[in-house]
Amino acid sequence: MIQLQKKPANHLISAYNQMMQEMRDAFEHADLNDMTLQKALDTAKHEAVHLGEVTAEEAHEIGEYIKRDINDAAEYMMETSAEFYDWLMLDIEIIERKVIDLFLSVADHTRIELEQFKQEKSNDQGINENSTENQSAKTQHTPIYKSGEITGPGTLICESCGKIKPFLSSDEITDCTQCGHSRFIRRQAI
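Sequential numbering from 1 applies to the sequence shown in UniProt numbering.
Next comes the structure, spelled out in structure tokens:
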């Protein structure tokens, strides 16, 4: 993990937002059949390093945060048929609209990718989406968000005490203000 103490967190938050913008631009300017989340992310990382915004190591780490956030949002929307705003668990009126639009654009492309992949996989293997094994696998893949990482907008829940921690825009994750715990999850799909 990048040591945020070495550089101001806002430098990395700004890079996170810029990389999200690059990914959105990549999706908007490419043939959707040719553009994948990984290609868009690689383009964004390369551009951030090329422009001198971050080092290659920082771009890789921020890319992992973005991939985690986007996949989590896309999985939630796909599994629950819920809207992106439900995943955020925040009043959309108070969130910076530009950040939401960026995040939603990339998450929607990823949701489509995941749906296609899961459909192909279930066709190949004859998987029952509602099986106990499949539900157990979903539970095991819940991303953990840790203090010191950068995350996009949404709501995290402390693993230890359950305190809700809202993020109105991209920001650094800090320890729980109630119990001091450093690990969080997003709301589980029902």
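Note that the Cβ used here is the ideal one computed from N, Cα and C, for glycine as well.
What is the rounded straight-line gap between the Cα of Thr139 and the Cα of Phe184?
Within the sequence shown, the letter at position 139 stands for residue 139. Within the sequence shown, the letter at position 184 stands for residue 184. Reliability fails at Thr139, whose pLDDT of 44 lies under 50, so the model's placement of it is uncertain and the value that follows must be treated cautiously. About 15 angstroms.
Do the stretch 153-163 and the stretch 173-184 meet, that is, are 3 or more Cβ pairs less than 8 angstroms apart?
yes
Quick one: using the 10 Å Cβ neighbour count with 16 as the cut-off for buried, is Asn17 buried or exposed?
In the sequence shown, residue 17 corresponds to position 17, counting from 1. Result: buried.
Exposed or buried, what is Ser136 when buried is set at 16 or more other beta-carbons lying within 10 Å of its beta-carbon?
Mapped onto the sequence shown, residue 136 falls at position 136. Summary for Ser136: the model assigns pLDDT 42, below 50, so the residue's position carries little reliability; its value from the coordinates is reported in the next sentence. By the neighbour-count rule (16 or more Cβ atoms within 10 Å), Ser136 is not buried but exposed.
Of the residues Lys39, Glu22, Asp72, which one's Cα is nearest the Cα of Leu51?
Residue 51 sits at position 51 when you count from the first residue of the sequence shown. Taking only the C-alpha atoms, the option nearest Leu51 is Glu22.
Under the three-state reduction of DSSP, which class applies to Ala137: helix, strand or coil?
For the purposes of this step, residue 137 is taken as the residue at position 137 of the sequence shown. With a pLDDT of 43 at Ala137, under the threshold of 50, the modelled position of this residue cannot be trusted; read the value that follows with caution. In this structure, Ala137 counts as helix in the three-state DSSP scheme.
Below 8 angstroms on the Cβ atoms is my contact criterion, and I expect Met19 with Ile66 to pass it. Report the Cβ-Cβ distance as a whole number of Å.
Here residue 19 refers to the residue found at position 19 of the sequence shown. Here residue 66 refers to the residue found at position 66 of the sequence shown. The Cβ separation is near 6 angstroms, so the contact holds.
Apply the 10 Å Cβ neighbour rule to residue 212 and answer buried if 16 or more other Cβ atoms are within range, or exposed otherwise.
As shown, the chain starts at 1 and ends at 190. That puts residue 212 outside it, with no answer to give.
On the DSSP bridge list, what partners appear for Leu12?
Within the sequence shown, the letter at position 12 stands for residue 12. Leu12 is not bridged to any residue.
Quick one: is Thr151 buried, meaning 16 or more other Cβ sit within 10 Å of its Cβ, or exposed?
For this step, residue 151 is matched to residue 151 along the sequence shown. Counting Cβ neighbours within 10 Å, Thr151 comes out buried, since at least 16 surround it.
Rounded to the nearest angstrom, how far is the Cβ of Ala26 from that of Ala40, given a contact under 8 angstroms?
For the purposes of this step, residue 26 is identified with residue 26 of the sequence shown, where counting begins at 1. For the purposes of this step, residue 40 is identified with residue 40 of the sequence shown, where counting begins at 1. Going by Cβ atoms, the distance from Ala26 to Ala40 rounds to 4 angstroms, so yes, they are a contact pair.
In three-state terms, what does DSSP make of Ile66?
Numbered from 1 along the sequence shown, position 66 holds the residue referred to as residue 66. Three-state result, Ile66: helix.
How would you write the range of the alpha helix (DSSP H) that residue 202 sits in, first residue to last?
Any question about residue 202 goes unanswered here, given that the chain covers just 1 to 190.
Output needed for Lys163: all residues of its chain with C-beta closer than 6 angstroms, excluding positions within five of it in sequence on either side, in chain order.
Within the sequence shown, residue 163 is the residue found at index 163, counting from 1. So the qualifying residues of the chain are Cys176, Gln178.
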